[in-house]
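Comments concern the structure below.
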Amino acid sequence: MRYINPVLVIPRPPARIIPGAVHLPAFFTPTEQEELVNQARELARKAAGTPVAMRRPKVGHGQMDAWLLSLGWFWATNPYRMVREVDGHPVPPIPENFQAIADNVMATAREIDPLVGPTPKIETALVNFYPPGKGMGQHVDAEEKSDNAVVSLSFGQDTIFRIAGRDTLLLSGDVVVFGGPARRAKHGVLGARKGTSDLLDGRLNITMRQMEGS
Ligand SMILES: O=C(O)CCC(=O)C(=O)O
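At position 43 of the sequence shown (counting the first as 1) the number is 41 in our numbering, and the numbers step up by one without a gap.
This is how it looks when you write it as structure tokens:
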């Protein structure tokens, strides 16, 4: 008998995780997922070999497990700061399609929980790649002055997203938004679950944010 993954048959309706944080399952079609993953690959390829290349940032005395590519503004560590260029090399710009994606996501998220707040003007984005089994520890996104929401897209292997102690299973094509009272909530992801994706050997996450303003 064919094995059916229960996760694929259990209904996953859009849901408020905590006030201001919303989970939108299967927001992207498989074709859109493939296009966005290919776009991320191309962005990483273009930056490769430059001072703004995708990298595993050093944090404190350690190094992150995830590979990060900064767009719009570069997320520098030790000390944490956002910069426009690295060694005279400009940070790759925000791709043109990102704002429209954020607009669509936020319109849908507001229907679930208006507390997610206004749509961010996408001025910076992180493309995070997690090899199988790797995740990101709990942290607060504090570098941006804007209190507008973070829009976070997931592709490839499954993971558990944890925010304010609440766990949400993320599958490829899912989106999470955290704004309003959840904007500075502690969050992170557990290890990308090996063998759960035909799209990617690992997990890709794109977070879109506003830097300045309200
Ligand atoms: O990979 C994720 O879903 C979360 C990424 C994240 O927390 C961040 O980039 O600040």
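Glycine included, C-beta positions come from ideal geometry on N, C-alpha and C. As the structure is a prediction and not an experimental result, all values here were calculated from the model.
Let me know if His59 comes out buried or exposed under the rule of 16 or more other beta-carbons within 10 Å of its beta-carbon. An exposed status is given to His59, since fewer than 16 other beta-carbon atoms sit within 10 Å of its beta-carbon.
I want to check one thing, is the minimum distance from the CB of Leu22 to the heavy atoms of ligand 1 below 7 angstroms? No - ligand 1 has no heavy atom lying nearer than 7 angstroms to the Cβ of Leu22.
What's the C-alpha gap between Arg164 and Ala123? If you take the alpha carbons of Arg164 and Ala123, they lie about 24 angstroms apart.
Could you name each continuous alpha helix (DSSP H) segment of 4 residues or more that falls completely within the region 61 to 139, going from the start of the chain to the end? Taken in chain order, the complete alpha helix (DSSP H) segments of 4 residues or longer contained in the region 61 to 139 are 95 to 110.
Kindly identify the DSSP beta-bridge partner or partners of Arg201. Looking at the DSSP assignment, Arg201 forms a beta bridge with Tyr128 and Gly154.
Closer than 7 angstroms by C-beta to Pro179: which residues in its own chain qualify, once you throw out the five before and the five after it? Chain order, please. Answer for Pro179: Pro17, Gly18 and Leu113, listed in chain order.
Assigned exposure category for Gly86 - 16 Cβ within 10 Å defines buried: By the neighbour-count rule (16 or more Cβ atoms within 10 Å), Gly86 is not buried but exposed.
For Lys143 and Thr194, what's the separation of their Cα atoms in angstroms? Looking at the backbone, the Cα of Lys143 and that of Thr194 are separated by about 36 angstroms.
Specify whether the region 31 to 45 and the region 104 to 113 touch according to this definition: at least 3 beta carbon pairs, one from each stretch, less than 8 angstroms apart. No: fewer than three Cβ pairs fall under 8 angstroms.
For Phe26, which residues in the same chain have their Cβ closer than 6 angstroms to its Cβ, ignoring the five residues on either side in sequence? For Phe26, where only same-chain residues beyond five positions count, the Cβ hits under 6 angstroms are Gly171.
Can you give the beta carbon distance from Gly189 to Gly133, rounded, assuming they're within the 8 angstroms contact cut? 5 angstroms between Cβ atoms; contact.
Below 7 angstroms, is the gap between the Cβ of Thr117 and the nearest heavy atom of ligand 1? Short note on Thr117: C-beta not closer than 7 angstroms to any heavy atom of ligand 1.
Just the Cα atoms here: how many angstroms apart are Val81 and Phe72? Cα-Cα distance, rounded: 5 angstroms.
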